[in-house]
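FYI, in numbering that gives the first Met the number 0 the residues of the sequence shown are 0 to 405.
Don't be surprised by glycine CBs; every beta carbon is placed ideally from N, CA and C.
Predicted, not measured: the structure shown is a model, and the values here were computed from it.
Everything on this sheet refers to the single structure shown next.
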Amino acid sequence: MIAQSCTTGNIDSFIKFAKLRFEATKQPFQTQFIMRPRRGSSTHVANGQLNFDEYGNVDVFWVDTQGHNYSIKADNKAVGEIIHKHLPGATLYTTDTQMQSTETGCHIFALYISERLSAATQMKRNLFGDLKKIYEQSNRDEDGFRIIPWGKCPVYTGLPKIIHSASKPKARIKEGLEEDKTTVNKKNQNYQQEMKRLLVWRHGKKVNTYYDINRHKFGKHVKKAYEEEYEMLNKKRLAAFTDLIDRIPVDALAEELAIKLVQQDGQWEIVVPRQYQGADLFDLKGTKTELAEKLEDVYNKIAANPYAIELPNFLFYYAAIQVSRAKVDSLKQESQTVEETREEVSQDPDASVDNTDTLLKSQEEPGVNIIVNKSKFIFFTADSYKKISESAKNIGSVANKVAPAT
0 MIAQSCTTGN
10 IDSFIKFAKL
20 RFEATKQPFQ
30 TQFIMRPRRG
40 SSTHVANGQL
50 NFDEYGNVDV
60 FWVDTQGHNY
70 SIKADNKAVG
80 EIIHKHLPGA
90 TLYTTDTQMQ
100 STETGCHIFA
110 LYISERLSAA
120 TQMKRNLFGD
130 LKKIYEQSNR
140 DEDGFRIIPW
150 GKCPVYTGLP
160 KIIHSASKPK
170 ARIKEGLEED
180 KTTVNKKNQN
190 YQQEMKRLLV
200 WRHGKKVNTY
210 YDINRHKFGK
220 HVKKAYEEEY
230 EMLNKKRLAA
240 FTDLIDRIPV
250 DALAEELAIK
260 LVQQDGQWEI
270 VVPRQYQGAD
280 LFDLKGTKTE
290 LAEKLEDVYN
300 KIAANPYAIE
310 LPNFLFYYAA
320 IQVSRAKVDS
330 LKQESQTVEE
340 TREEVSQDPD
350 ASVDNTDTLL
360 KSQEEPGVNI
370 IVNKSKFIFF
380 TADSYKKISE
390 SAKNIGSVAN
400 KVAPAT
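Listed below in structure tokens is the structure:
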């Protein structure tokens with residue numbers, strides 16, 4: 000599943016990063032998302048899919064797991080307004096699905112729908128092509144959305160089956176629970192076993208407590224709470240919710256966030272703007288090794304926190320962490336390039352070593368220092384110089400651009 004989790008403040012972030020990804024890569028893409036339109040509401044989740052085509056045209060489809068009645072129409076309208084604010088030409092599709100919700104049910108429900116959409120994408124199903132045909136037949140618009148009747152939603156979205164099961168009486172639900180224990184699909188997979196990936200952690204406990212009497216929440220009952228699966232799912236969930244960021248080139252992210260790497264008094268410092276610092280991205284000073292360790296600790300901290308994805312401005316915070324880590328990695332790579340060049344030179348039979356306090360400069364490139372190592376300066380014959388001149392040009396002015404060994 001490729002999904003992005005968004006609280007009210009993070010809907011803006013999600014759309015901004017989706018737009019940045021297209022502008023940076025100029026490549027079409029699609030991603031599933033899960034977002035909570037109301038701040039502080041744990042019983043309301045909208046989720047769906049966003050597509051950029053090769054020309055930058057945008058289509059968005061989402062489903063609301065609490066329904067489109069008067070109590071939440073304003074919230075869905077607000078979400079559409081946010082999307083249109085950042086993507087004025089976007090075409091929005093939603094459905095007239097109306098379902099009751101439990102606190103846990105809507106989250107698992109949303110994950111289930113996103114799983115179905117992601118699977119449909121892998122099977123090359125054209126969601127927006129199908130939705131456009133349905134819309135042209137029904138021709139319904141509300142609040143700037145194209146309304147797709149739930150009964151006509153493509154089967155692969157999971158919606159028709161979900162809504163049909165919601166009408167079953169409790170007696171039929173109990174019968175269904177017994178059926179689920181032995182039922183397999185065309186791939187000979189047991190449904191309960193396959194859905195173990197959808198464990199959700201709520202209010203300090205692993206939950207599946209609502210489902211013995213609420214099987215209709217997503218069509219099939221998940222019998223256990225899947226205690227053994229929680230840690231694995233949390234890692235998978237973080238990776239899924241940050242997939243959009245990880246697919247944006249680091250240079251584009253660094254420019255967007257204005258994160259800088261500077262050297263002062265023999266130390267490196269990563270300067271992160273205050274609004275992206277969160278609880279840990281400040282006072283990032285030290286050697287390359289020290290910075291790498293600090294940033295690894297910051298990353299592990301959010302990876303271990305199942306609620307991190309719900310923090311305000313989380314996507315920008317995560318992006319700042321990844322940019323900072325990339326900048327430290329670039330220091331390591333540059334240092335490694337210099338060390339490899341030194342090793343190559345030390346093995347060259349035409350090179351001689353002198354410990355005098357003299358610095359050799361290239362005669363062909365007067366502004367380029369070939370190598371600097373405090374007490375060791377390496378001199379070359381004409382033939383030897385030609386062998387390493389390309390390496391010297393690649394690393395630029397070593398004296399000016401590479402820090403002393405730390």
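So, at 7 Å on beta carbons, what are the nonlocal neighbours of residue i in its own chain, with the 5 sequence-adjacent residues on each side left out?
{"i": "Asp95", "result": "His67, Ile146, Pro148, Trp149"}
{"i": "Lys259", "result": "Val270"}
{"i": "Leu314", "result": "Asn9, Ser12, Phe13, Phe16, Ile244"}
{"i": "Ala291", "result": "Val327"}
{"i": "Leu130", "result": "Phe60, Tyr92, Ile147"}
{"i": "Asp52", "result": "Pro27"}
{"i": "Lys76", "result": "Asp142"}
{"i": "Asn299", "result": "none"}
Could you give the C-beta distance for residue i and residue j, rounded to a whole number, given that I count them as a contact under 8 Å?
{"i": "Ala325", "j": "Leu256", "result": "Ala325 to Leu256, Cβ: 12 Å. No contact."}
{"i": "Asp242", "j": "Thr93", "result": "Contact flag wrong, Cβ pair sits at about 23 Å."}
{"i": "Gln48", "j": "Leu116", "result": "5 Å"}
{"i": "Leu158", "j": "Val62", "result": "7 Å"}
{"i": "His85", "j": "Gly143", "result": "About 14 Å; that fails the 8 Å criterion."}
{"i": "Glu268", "j": "Leu283", "result": "6 Å"}
{"i": "Arg20", "j": "Ile247", "result": "5 Å"}
Determine the closest residue to residue i out of the options, with distance taken between C-alpha atoms.
{"i": "Thr288", "options": "Gln26, Val322, Ile10, Leu330", "result": "Leu330"}
{"i": "Ala119", "options": "Gly143, Leu91, Val154, His85", "result": "Val154"}
{"i": "Asn304", "options": "Leu237, Leu280, Glu292", "result": "Leu237"}
{"i": "Ser113", "options": "Gly277, Thr156, Phe21", "result": "Thr156"}
{"i": "Val327", "options": "Leu294, Leu252, Gly55, Ala251", "result": "Leu294"}
{"i": "Tyr54", "options": "Lys151, Ile82, Lys18", "result": "Lys18"}
{"i": "Glu80", "options": "Glu254, Gln274, Glu141, Asp52", "result": "Glu141"}
{"i": "Pro311", "options": "Leu290, Ala291, Gln276", "result": "Gln276"}
{"i": "Lys132", "options": "Gln121, Glu22, Cys152", "result": "Cys152"}
{"i": "Glu22", "options": "Tyr306, Glu254, Ala278", "result": "Glu254"}
Taking Cβ to Cβ, would you say residue i is nearer than 8 Å to residue j?
{"i": "Gly285", "j": "Gln266", "result": "yes"}
{"i": "Phe32", "j": "Asn50", "result": "no"}
{"i": "Val322", "j": "Val249", "result": "yes"}
{"i": "Phe60", "j": "Phe127", "result": "yes"}
{"i": "Asp58", "j": "Thr24", "result": "no"}
{"i": "Asn56", "j": "Gly88", "result": "yes"}
Can you find the residues in the same chain that come closer than 8 Å, C-beta to C-beta, to residue i, ignoring five residues on each side of it along the sequence?
{"i": "Tyr317", "result": "Thr241, Ile244, Ile301"}
{"i": "Gln274", "result": "Asn312, Phe315"}
{"i": "Asp264", "result": "none"}
{"i": "Ser137", "result": "Ile146, Ile147, Pro148, Lys151"}
{"i": "Gly122", "result": "The identity of residue 122 in the sequence shown is Met, whereas the question assumes Gly. Contacts found: Tyr155."}
Can you check whether the C-beta of residue i is within less than 8 Å of a C-beta belonging to chain B?
{"i": "Pro27", "result": "Note that chain B does not occur in the displayed structure, where there is just one protein chain."}
Skipping 5 residues on each side, what residues in its chain have a beta carbon closer than 6 Å to that of residue i?
{"i": "Pro272", "result": "Ala257"}
{"i": "Arg139", "result": "Ile146"}
{"i": "Tyr134", "result": "Arg145"}
{"i": "Leu280", "result": "Val271, Ala319"}
{"i": "Ala278", "result": "none"}
With hydrogens ignored, establish whether the beta-carbon of residue i is closer than 7 Å to any heavy atom of the ligand SAH.
{"i": "Ile320", "result": "The ligand SAH is not part of the structure shown, which contains no ligands of any sort."}
Open item on the list: Could you tell me which whole alpha helix (DSSP H) segments of length 4 or greater appear in the stretch 232-305?
Closed with: Runs of the alpha helix (DSSP H) inside the stretch 232-305: 242-245, 249-256, 287-302.
TODO: For the stretch 126-154, list the alpha helix (DSSP H) runs that are entirely contained and at least 4 residues long, ordered along the chain.
DONE: 126-137
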